[in-house]
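*Asks:* In our numbering, the protein residues as written are 9 to 446. For every residue, glycine included, the Cβ atom is placed at its ideal position computed from N, Cα and C.
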């Protein structure tokens, strides 16, 4: 098959978004795509084998256009403003594209990104194959694409190889002697626009809380130097889409990241067409939160989900429930989302029903299904069982869960009650099954 190479500097946001965009393009491409991701000290290099390069180009252009539209959808403009900021370059790149600069800033960014994807359609692989030159000294690290002179936008540099002038754990991977230095990454207008658009292909949700805005991304993190075959990329692309769907609805519950992770795994196990397809396929998804604070963009959380955990959870449920495994996973995902909302927003109800304790026990139950070698202590499983068997507690909890489900899923209260009862019945069966196995 024809081969192609994609390269970019090893800036975490830029490299993560490139890997994510390439996975999405492979998933959306009808022809065969194989890929191998080769990170080095300063650059990420991706080797692609393409049955139909034109079809892959078209799919990648579609991914970039959708990413550009996310600026308008989320109404965010994560760029720096002023003579030395990102906005100083907008007129230059707009002129090159022949695109008008109209509307609010996020609308202009969206229009520029979409115009870029249209203009470079059919030439994206050539752009991605650009050579990058590296100059490392004790004072400065310069990474330059060709003869490009435009400093990359702030978003792909927001969590760079340097934080506050120093490396954070990557120093021993780099060539050269720099330990404290300035990082200078420059490219031409085409790559500047690409690096402005790429991160938004991984954007999944905008959270607004206490006047703070957080943009939540879902990145694909490939295993280094593993050759991903066509069927692997299809399975991983579907898993990525499932995770994005989950995060897009409610964000990521950072107050209890373990509950959020387990709930997301249950959601994926219940929605992807074959939860076992990622078994043995290395890689991970990273859910990453970025605080938008004026001229600075700060990482606020970063959580990893190993792709193989979805298969572990589904296999554990299938061994216990057979064909009902998907329904049980769906119930676990819904219960996890409800618990997140109740504990976070309804303090009185949470205290009344001791939901924080219930949530702790529930997490131990799910951990015993996805973590090899871990077994929840029998006394804690019994305590969880007692929660579910107390009629007064159960009736009150069913009513509250039903109210949440009716509101979120737009169903009748009676339908929601029936679903809540069935959810708790399956959970009781799961507790008994795990306790019996232990």
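#1: Below 8 angstroms, how does it come out for the segment 332–352 and the segment 254–268: are there three or more Cβ pairs, yes or no?
#2: By DSSP, does residue 444 sit in helix, in strand, or in coil?
#3: Between residue 15 and the rest of its own chain, which residues show a CB-CB distance below 8 angstroms, the 5 nearest in sequence each way excluded?
#4: Expressed to the nearest angstrom, what Euclidean distance is found between the alpha-carbon atoms of residue 337 and residue 325?
#5: So for residue 37, helix, strand or coil by DSSP?
#6: What are the uninterrupted segments assigned as alpha helix (DSSP H) that are 4 or more residues long and contained completely in the segment 276–341, given in chain order?
#7: For residue 143, does the count of other Cβ atoms within 10 angstroms reach 16, so buried, or fall short, so exposed?
#8: Does the count of Cβ pairs from the segment 311–328 and the segment 384–401 closer than 8 angstroms reach three?
#9: Can you list, in chain order, the residues of its chain with a C-beta nearer than 7 angstroms to that of residue 157? Leave out the 5 residues immediately preceding and following it.
#10: Using the beta-carbon count (16 or more within 10 Å), is residue 192 buried or exposed?
#11: Could you tell me if residue 171 is buried or exposed, where buried requires 16 or more neighbouring beta carbons within 10 angstroms of its beta carbon?
#12: Which two residues bound the contiguous beta strand (DSSP E) that contains residue 50?
#13: Taking 8 angstroms as the cut-off, decide whether the C-beta atoms of residue 273 and residue 318 are in contact.
#14: For residue 114, write down the residues that DSSP places opposite it in a beta bridge.
#15: Measure the C-alpha to C-alpha separation of residue 159 and residue 378 and round it to an integer number of angstroms.
#16: Here's the rule I'm using: 16 or more other beta-carbon atoms within 10 Å means buried, otherwise exposed. How should residue 301 be labelled?
#17: How long is the line joining the alpha carbons of residue 161 and residue 87, rounded to whole angstroms?
#18: Would a C-beta distance cut-off of 8 angstroms place residue 347 and residue 367 closer than the cut-off?
#19: Looking at the structure shown, is residue 131 part of a helix, part of a strand, or coil, going by DSSP?
#20: Quick one: grab the DSSP three-state call for residue 196.
#21: Taking the beta strand (DSSP E) that residue 223 belongs to, which residues open and close that run?
#22: With a threshold of 7 angstroms on Cβ separation, who are the neighbours of residue 310 within its own chain once the five nearest residues in sequence on each side are excluded?
#23: For residue 10, report the span of its beta strand (DSSP E) as first-last.
#24: Just to confirm, are residue 308 and residue 298 a CB contact at a threshold of 8 angstroms?
#25: Measure the Cβ-Cβ separation of residue 245 and residue 35 and say whether it is below 8 angstroms.
#26: Are there 16 or more other CB atoms within 10 angstroms of the CB of residue 148, so buried, or fewer, so exposed?
#27: Please look up how many angstroms separate the CB atoms of residue 65 and residue 130, rounded, as I've assumed it's under 8 angstroms.
#28: Short of 8 angstroms in beta carbon distance, which residues of its chain neighbour residue 29, apart from the five on each side in sequence? Order them along the chain.
#29: Buried or exposed for residue 218, please, with buried defined as at least 16 other CB atoms from any protein chain shown within 10 angstroms of its CB.
#30: How long is the line joining the alpha carbons of residue 252 and residue 280, rounded to whole angstroms?
#31: Buried or exposed: where does residue 32 fall if 16 or more other Cβ atoms within 10 Å of its Cβ makes it buried?
#32: Can you tell me the Cα-Cα spacing of residue 357 and residue 433, whole angstroms?
#33: Between residue 114 and residue 79, which are expected to be in contact by the criterion C-beta below 8 angstroms, what is the C-beta distance as a whole number of angstroms?
#34: Tell me residue 236's beta-bridge partners as DSSP assigns them.
*Replies:* Let me spell this out:
#1: yes
#2: helix
#3: 51, 52, 53, 54, 136, 137, 138, 139 and 140
#4: 8 angstroms
#5: coil
#6: 316–329
#7: exposed
#8: no
#9: 194
#10: exposed
#11: Annotation note: pLDDT 40 at residue 171 (below 50); position unreliable, no value reported.
#12: Premise fails: residue 50 is in no beta strand (DSSP E) and is neither H nor E.
#13: yes
#14: Per DSSP, none; premise fails for residue 114.
#15: 44 angstroms
#16: exposed
#17: 7 angstroms
#18: yes
#19: coil
#20: coil
#21: 220–229
#22: 294 and 296
#23: That residue, residue 10, is in no beta strand (DSSP E); it is neither H nor E in DSSP.
#24: yes
#25: yes
#26: exposed
#27: 6 angstroms
#28: 68, 71, 72, 75, 206, 209 and 210
#29: exposed
#30: 12 angstroms
#31: buried
#32: 22 angstroms
#33: 5 angstroms
#34: 43
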